[in-house]
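Undergrad: Sequential numbering from 112 applies to the sequence shown in our numbering. Beta carbons: idealized from backbone N, C-alpha and C, even for Gly. Below: one structure in structure tokens.
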Amino acid sequence: MPKNLLIVESPAKAKTINKYLGKDFQVLASYGHVRDLVPKEGAVDPDAGFAMRYELIDKNERHVDAIAKAARGADTLYLATDPDREGEAISWHIEEILKARGLTEGKPVHRVVFTEITPRAIKEAMATPRAVSTDLVNAQQARRALDYLVGFNLSPVLWRKVQRGLSAGRVQSPALRMIVEREEEIEAFVSREYWTIEAQLAHAAQPFSARLVKLAGKKFEQFDLTDEAAAEAARTRLLAAAGGALEVASVESKERKRRPAPPFITSTLQQEAARKLGFSTSRTMRVAQKLYEGVALGAEGTVGLISYMRTDSTHLSAEAVDELRQTIARDFGAHALPATATVYKTKSKNAQEAHEAIRPTSALRSPKSVAGFLDPDGARLYELIWKRAVACQMIPATLNTVSVELAAGPDDGFRATGTTIVDPGFLAVYEEGKDTRSADDDDEGRKLPAMRQGERVPLSAILADQHFTEPPPRYSEASLVKALEEYGIGRPSTYASIIQTLLNREYVLLDARRFRPTDVGRAVAKFLSSHFTRYVDYDFTAKLEDELDAVSRGEEDWVPLMARFWEPFKALVNEKTDSVDRSEATGARVLGEDPTSGKPVTVRLGRYGPFAQIGTKEDEDKPRFASLRPGQSIHTITLPEALELFKLPRTLGTDGEDEVTVAVGRFGPFAKRGSTYASLKKEDDPYTIDLDRALFLIREKEEIAANRIIKTFEGSPIQVLNGRFGPYLSDGELNGKIPKDRDPASLTLAEVQQLMEETGRPARKGFGRKAAAKKAPAKKAAARKEAPAKKAAVKKTAVKKAVAKKAPAKKSAAKKAPAKKTAAKKAAVKKAPAN
112 MPKNLLIVES
122 PAKAKTINKY
132 LGKDFQVLAS
142 YGHVRDLVPK
152 EGAVDPDAGF
162 AMRYELIDKN
172 ERHVDAIAKA
182 ARGADTLYLA
192 TDPDREGEAI
202 SWHIEEILKA
212 RGLTEGKPVH
222 RVVFTEITPR
232 AIKEAMATPR
242 AVSTDLVNAQ
252 QARRALDYLV
262 GFNLSPVLWR
272 KVQRGLSAGR
282 VQSPALRMIV
292 EREEEIEAFV
302 SREYWTIEAQ
312 LAHAAQPFSA
322 RLVKLAGKKF
332 EQFDLTDEAA
342 AEAARTRLLA
352 AAGGALEVAS
362 VESKERKRRP
372 APPFITSTLQ
382 QEAARKLGFS
392 TSRTMRVAQK
402 LYEGVALGAE
412 GTVGLISYMR
422 TDSTHLSAEA
432 VDELRQTIAR
442 DFGAHALPAT
452 ATVYKTKSKN
462 AQEAHEAIRP
472 TSALRSPKSV
482 AGFLDPDGAR
492 LYELIWKRAV
502 ACQMIPATLN
512 TVSVELAAGP
522 DDGFRATGTT
532 IVDPGFLAVY
542 EEGKDTRSAD
552 DDDEGRKLPA
562 MRQGERVPLS
572 AILADQHFTE
582 PPPRYSEASL
592 VKALEEYGIG
602 RPSTYASIIQ
612 TLLNREYVLL
622 DARRFRPTDV
632 GRAVAKFLSS
642 HFTRYVDYDF
652 TAKLEDELDA
662 VSRGEEDWVP
672 LMARFWEPFK
682 ALVNEKTDSV
692 DRSEATGARV
702 LGEDPTSGKP
712 VTVRLGRYGP
722 FAQIGTKEDE
732 DKPRFASLRP
742 GQSIHTITLP
752 EALELFKLPR
762 TLGTDGEDEV
772 TVAVGRFGPF
782 AKRGSTYASL
792 KKEDDPYTID
802 LDRALFLIRE
812 KEEIAANRII
822 KTFEGSPIQV
832 LNGRFGPYLS
842 DGELNGKIPK
852 DRDPASLTLA
862 EVQQLMEETG
872 RPARKGFGRK
882 AAAKKAPAKK
892 AAARKEAPAK
902 KAAVKKTAVK
912 KAVAKKAPAK
922 KSAAKKAPAK
932 KTAAKKAAVK
942 KAPAN
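Here it is in structure tokens:
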């Protein structure tokens with residue numbers, strides 16, 4: 112029996128570390144968090160110093176039991192969970208559980224931290240153990256308690272005022288506000304027309320272009336020319352002034368240095384992986400986790416390839432810098448090495464969890480040398496991390512910028528610029544990606560012909576180009592992470608979960624890799640911004656993060672922090688629960704009048720989603736309602752579009768004596784004949800579907816229903832049914848499994864009763880209920896009641912609704928619109944459509 116027990120979070124890491132530590136150690140995984148707050152009201156008690164009630168996470172209970180069993184026979188315990196607040200809290204929870212079971216008495220318990228999974232790093236960590244940090248644990252507990260109190264108190268207000276089933280998060284809500292405010296900014300944007308003028312020059316050595324910078328003795332500004340007539344007049348004036356050539360007024364050449372970006376931290380890795388690899392934040396962290404935990408490299412064995420990926424520090428260890436410099440000298444020559452190592456200062460206010468930047472554990476291990484042992488995602492991300500780390504220790508790039516001023520007479524002038532690379536330096540390895548391009552980016556790599564002052568350069572043409580200003584772009588994952596970081600909202604380990612939560616709750620959707628808020632998301636953001644302004648305020652959220660950081664450093668007590676937050680928050684929740692009018696919270700919007708009835712047409716968010724309404728509840732006749740179609744929004748729908756919705760339900764014809772209709776219900780569009788309802792397929796449009804197609808869907812549904820029941824048993828509610836994934840058992844409340852080697856039709860009553868006892872699980876709502884005639888016998892229910900009362904952790908999976916893409920009213924890309932051109936010799940004009 113090994114004398115030492117070491118606990119890590121993941122089984123992959125456990126396997127790698129076990130090889131390094133040898134036979135005296137047993138390494139087990141906790142599989143993440145082992146305890147969490149009891150998932151009901153009262154788990155955090157503000158009246159008792161914010162005391163917290165924890166319970167074991169059901170899915171990890173067996174892992175805790177395995178740890179406890181191993182701890183009983185071990186002499187020394189080592190807690191080696193991840194090197195951040197969450198990891199510190201997991202170690203604390205494990206120690207508390209073992210302590211409660213009497214398994215730590217007389218045994219030393221050590222906390223060790225592995226910032227990389229390599230033999231050297233593990234040996235160093237094991238040589239310098241410490242106790243679990245109370246400060247880090249308190250900071251994590253405070254964060255968890257705050258999130259719990261916000262969720263359990265604010266979510267019910269949303270249920271009452273906006274829509275059932277909604278939830279509000281302390282950090283997710285400001286992020287949602289960002290996305291919604293950007294959408295409102297885009298909708299409110301008014302495009303402006305403007306024109307630019309460009310000269311095309313035919314230099315003997317090389318043709319090039321120059322842009323107008325001076326017109327009629329004044330600096331040329333963006334909106335000096337705002338229509339075609341003015342642009343054409345300016346072009347004519349310039350042609351006349353130039354006389355067929357532009358004169359070189361000055362030539363300026365300047366060398367400048369561009370320095371490499373620092374090594375990756377969590378946020379910059381997520382941004383670059385999004386820009387360059389197309390990875391989502393969650394995908395980036397998932398792939399990075401595997402690289403950190405260890406990869407089998409053939410004869411070399413299993414090795415962690417990168418340092419810990421949740422960090423906000425750009426610091427690099429002396430050993431890492433030494434290897435990076437060796438690699439640079441080996442692969443790019445001594446010339447590429449600066450005289451001394453480059454030191455990067457961490458910008459984060461609180462980098463206590465971040466031992467180093469994200470880097471390869473050995474820079475000498477090139478991407479090419481490990482590519483064969485990695486999956487495509489792992490190989491691409493490792494190469495990105497390796498290149499960024501190597502580049503950060505290389506010499507700056509030397510660039511030469513040439514700027515040429517060209518005159519078209521005394522009062523008008525053009526400018527041409529070009530930038531060439533004199534010495535690539537770090538650019539030979541890596542260049543940081545950008546979300547948008549600038550004029551400087553366009554000039555880079557552009558080489559101008561040699562020119563001297565006084566030289567006249569022949570003019571080929573002067574072009575006038577039409578443009579329209581465009582709204583700011585919607586947030587991408589990269590730009591949202593950057594904004595969250597700049598505002599100080601969340602921390603490196605939370606960005607991926609913030610984004611995933613917003614997507615899972617269907618508060619936002621990704622359209623062309625940009626975030627667009629849904630009507631529900633907008634309603635939640637507007638409600639919180641209007642009534643809980645302080646708690647979605649960017650500065651307030653960032654200040655709270657700073658206070659949690661102060662707790663983690665031992666500079667502040669977490670209980671007073673909690674009290675300062677809780678008391679005004681709870682008072683506001685109580686006030687708004689009573690005072691806020693629901694119609695205001697649902698975003699009601701008046702579109703106009705129904706031309707037929709003269710009644711008002713409104714749209715709002717309802718219990719089952721956005722809908723349109725004709726009339727009011729005060730009218731003598733009941734109002735008419737119609738659900739919005741996928742892709743429509745209560746914020747952008749027009750009156751004609753809303754009136755179209757009331758063409759449903761449609762009567763398509765008859766089938767025998769039964770009328771066949773089509774309508775939209777709670778779960779989407781459907782066709783109906785008699786008592787039979789059939790959902791329309793994705794390709795079916797309820798506004799255009801014909802009778803034949805509707806009857807086909809109805810008969811298909813009837814055929815499925817007719818073949819659904821395989822076998823019934825007299826006196827028993829249990830039935831053998833055909834399901835989506837094959838035959839199964841159901842009594843209306845529980846669903847049971849059928850062994851693959853059994854013919855479902857041959858099962859006996861005794862066999863199905865036994866199978867239900869062994870495999871029965873609660874039936875999903877709407878499945879297996881109609882086929883059951885009665886409830887399960889009381890005896891069977893009692894037997895279930897006597898079973899051990901283990902709480903199943905039910906993971907809610909958001910149902911992703913198919914949302915038809917709608918062409919945006921305005922482009923969200925921050926690029927120039929296609930230009931309108933007026934050539935010198937032709938009057939042909941290419942005109943871009945206005946946004």
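What's the gap between the Cα of Leu167 and the Cα of Asp186?
TA: Indexing the sequence shown from 1 puts residue 167 at position 56. Indexing the sequence shown from 1 puts residue 186 at position 75. So the two alpha carbons sit approximately 25 Å from each other.
Undergrad: With distances taken from CA atoms, which of Glu309, Glu235 and Val684 is nearest Ala191?
TA: On the sequence shown, residue 191 is found 80 positions in, with the first residue counted as 1. Nearest option by C-alpha distance: Glu235.
Undergrad: Can you tell me whether DSSP reads Met867 as helix, strand or coil?
TA: Indexing the sequence shown from 1 puts residue 867 at position 756. Looking at Met867 - three-state DSSP - the assignment turns out to be helix.
Undergrad: Write down every uninterrupted run of the alpha helix (DSSP H) in the stretch 616-683 whose length is 4 residues or greater and which is fully enclosed by it, in chain order.
TA: Correct list: 630-642 and 649-663.
Undergrad: Tell me the DSSP bridge mates of Ser827?
TA: Counting from 1 along the sequence shown, the entry for residue 827 is found at position 716. In DSSP, Ser827 forms a bridge with Phe824.
Undergrad: On the three-pair Cβ rule with 8 Å, is the stretch 518-532 touching the stretch 467-485?
TA: Taking 8 Å as the limit for Cβ pairs, the verdict is that the stretch 467-485 does not touch the stretch 518-532.
Undergrad: Look at the Cβ atom of Leu763, then the Cβ atom of Ala805, and state whether they are nearer than 8 Å.
TA: As a working mapping, residue 763 is identified with position 652 in the sequence shown. As a working mapping, residue 805 is identified with position 694 in the sequence shown. Yes, Cβ-Cβ distance for Leu763 and Ala805 is below 8 Å.
Undergrad: Taking the C-alpha atoms as reference points, what is the distance between Thr765 and Val771?
TA: Looking up residue 765 in the sequence shown gives position 654. Looking up residue 771 in the sequence shown gives position 660. Taking the straight line from one Cα to the other gives about 5 Å.
Undergrad: Using CA atoms only, rank isn't needed, just tell me which of His144, Leu866 and Val248 is closest to Thr665.
TA: Position 554 of the sequence shown holds residue 665. Thr is not the amino acid found at residue 665; the sequence shown has Gly there. Here the closest residue by C-alpha is Val248.
Undergrad: Counting C-beta neighbours from all protein chains within 10 Å, is the total for Gln724 16 or more, i.e. buried, or is it exposed?
TA: Along the sequence shown, read from residue 1 onward, the residue named residue 724 stands at position 613. Counting Cβ neighbours within 10 Å, Gln724 comes out buried, since at least 16 surround it.
Undergrad: Taking Cβ positions, are Leu388 and Leu260 nearer each other than 8 Å?
TA: Position 277 of the sequence shown, counting from 1, holds the residue named residue 388. Position 149 of the sequence shown, counting from 1, holds the residue named residue 260. No, the pair does not count as a contact, with Cβ atoms beyond the cut-off.
Undergrad: Return the CA-CA distance between Lys851 and Pro838, expressed in angstroms with no decimal places.
TA: One-based indexing of the sequence shown puts residue 851 at position 740. One-based indexing of the sequence shown puts residue 838 at position 727. The alpha-carbon atoms of Lys851 and Pro838 are separated by roughly 9 Å.
Undergrad: Spell out the partners DSSP gives Trp306 in its beta bridges.
TA: Here the question's residue 306 lines up with position 195 in the sequence shown. BP columns for Trp306 point to Gln577.
Undergrad: Beta-carbon within less than 7 Å of Thr138's beta-carbon, same chain only, minus the 5 sequence neighbours each way: which residues are those?
TA: As a position in the sequence shown, residue 138 is number 27, starting the count at 1. Thr is not the amino acid found at residue 138; the sequence shown has Val there. These residues qualify, in order along the chain: Leu117, Val119, Ala125, Ile128, Asn129 and Leu132.
Undergrad: Output the residue ranges of the alpha helix (DSSP H) runs that lie fully inside the stretch 263-314 and measure 4 residues or longer, sorted by chain position.
TA: As far as the stretch 263-314 is concerned, its whole alpha helix (DSSP H) runs of at least 4 residues are 283-299.
Undergrad: So what's Lys593 in DSSP terms, helix, strand or just coil?
TA: For the purposes of this step, residue 593 is identified with residue 482 of the sequence shown, where counting begins at 1. The answer is helix: DSSP assigns Lys593 an H, G or I state.
Undergrad: Pull up the distance between the alpha-carbon of Asp195 and that of Gln251, whole angstroms please.
TA: Numbered from 1 along the sequence shown, position 84 holds the residue referred to as residue 195. Numbered from 1 along the sequence shown, position 140 holds the residue referred to as residue 251. Whole-angstrom Cα-Cα distance: 10 Å.
Undergrad: Give me the Cα-Cα distance between Glu207 and Ala440, rounded to the nearest whole angstrom.
TA: Stepping through the sequence shown from its first residue, residue 207 is reached at position 96. Stepping through the sequence shown from its first residue, residue 440 is reached at position 329. C-alpha separation (whole angstroms): 50 Å.
Undergrad: Identify the residues that DSSP records as bridge partners of Met163: which are they?
TA: Here residue 163 refers to the residue found at position 52 of the sequence shown. BP columns for Met163 point to Val155.
Undergrad: Between which two residues does the alpha helix (DSSP H) containing Arg397 stretch?
TA: Here residue 397 refers to the residue found at position 286 when the sequence shown is read from its first residue. Here the alpha helix (DSSP H) through Arg397 covers Thr392 to Glu404.
Undergrad: Run the CB neighbour count on Val701, radius 10 Å, all protein chains shown included, and call it buried at 16 or more, exposed below.
TA: In the sequence shown, the residue the question calls residue 701 occupies position 590. Classification for Val701: exposed.
Undergrad: In angstroms, rounded to a whole number, what distance separates the CA positions of Leu739 and Pro584?
TA: Numbered from its first residue, the sequence shown carries residue 739 at position 628. Numbered from its first residue, the sequence shown carries residue 584 at position 473. So the alpha carbons of these two residues sit roughly 26 Å apart.
Undergrad: Can you tell me whether Ala238 is buried or exposed, with buried defined as 16 or more other CB within 10 angstroms of its CB?
TA: Counting from 1 along the sequence shown, the entry for residue 238 is found at position 127. Exposed, since its Cβ has fewer than 16 Cβ neighbours within 10 Å.
Undergrad: Would you list the one or two residues that DSSP bridges to Arg146?
TA: As a first step, residue 146 must be located in the sequence shown, where it is residue number 35. Leu167, per the DSSP bridge assignment.
Undergrad: Taking C-alpha atoms, which residue in Gly262, Ala182 and Pro219 lies nearest to Ala242?
TA: Indexing the sequence shown from 1 puts residue 242 at position 131. Here the closest residue by C-alpha is Pro219.
Undergrad: Excluding the five sequence neighbours on either side, which residues of its own chain have a C-beta within less than 6 Å of the C-beta of Ala589, listed in chain order?
TA: The residue labelled residue 589 in the question sits at position 478 within the sequence shown. Once the five neighbours on either side are set aside, the close Cβ partners of Ala589 are Gln382, Ala385 and Arg386.
Undergrad: Should the stretch 441-450 be called in touch with the stretch 500-513, which here means at least 3 C-beta pairs below 8 Å?
TA: Yes, since at least three Cβ pairs between the stretch 441-450 and the stretch 500-513 fall closer than 8 Å, the two stretches touch.
Undergrad: Take Trp677 and list the residues in its own chain whose beta-carbon comes closer than 7 Å to its own, dropping the five residues that flank it on each side.
TA: Working through the sequence shown from its first residue, we reach residue 677 at position 566. For Trp677, where only same-chain residues beyond five positions count, the Cβ hits under 7 Å are Pro157 and Leu260.
Undergrad: On the three-pair Cβ rule with 8 Å, is the stretch 598-612 touching the stretch 315-325?
TA: No contact exists between the stretch 598-612 and the stretch 315-325.
Undergrad: Kindly provide the ranges of any alpha helix (DSSP H) runs that are 4 or more residues long and lie completely inside the stretch 350-393, ordered along the chain.
TA: The qualifying runs are 377-383.
Undergrad: Count the other CB atoms within 10 Å of the CB of Ile228; is the residue buried (16 or more) or exposed (fewer)?
TA: Position 117 of the sequence shown, counted from the start, is the residue given in the question as residue 228. Buried, by the Cβ-count rule.
Undergrad: Just list the residues that DSSP pairs Lys330 with in beta bridges.
TA: To locate residue 330, count along the sequence shown from 1; it is residue 219. Lys330 pairs with Lys325.
Undergrad: Would you say Gln382 reaches chain B, if we count a Cβ-Cβ gap shorter than 8 Å as a contact?
TA: No chain B is present in this structure, which holds just one protein chain.
Undergrad: Go ahead and label Asn818 buried or exposed: buried means 16 or more other beta carbons lie within 10 angstroms of its beta carbon, across all protein chains shown.
TA: Residue 818 sits at position 707 when you count from the first residue of the sequence shown. The residue is exposed, with fewer than 16 neighbouring Cβ atoms inside 10 Å.
Undergrad: Quick one: what does DSSP say Ile205 is sitting in, helix, strand or coil?
TA: As a working mapping, residue 205 is identified with position 94 in the sequence shown. In the structure shown, Ile205 sits in a helix (DSSP, three-state: H, G or I).
Undergrad: Considering only their Cβ atoms, is the gap separating Ala782 from Leu808 smaller than 8 Å?
TA: For the purposes of this step, residue 808 is identified with residue 697 of the sequence shown, where counting begins at 1. For the purposes of this step, residue 782 is identified with residue 671 of the sequence shown, where counting begins at 1. A contact, by the Cβ cut-off of 8 Å.
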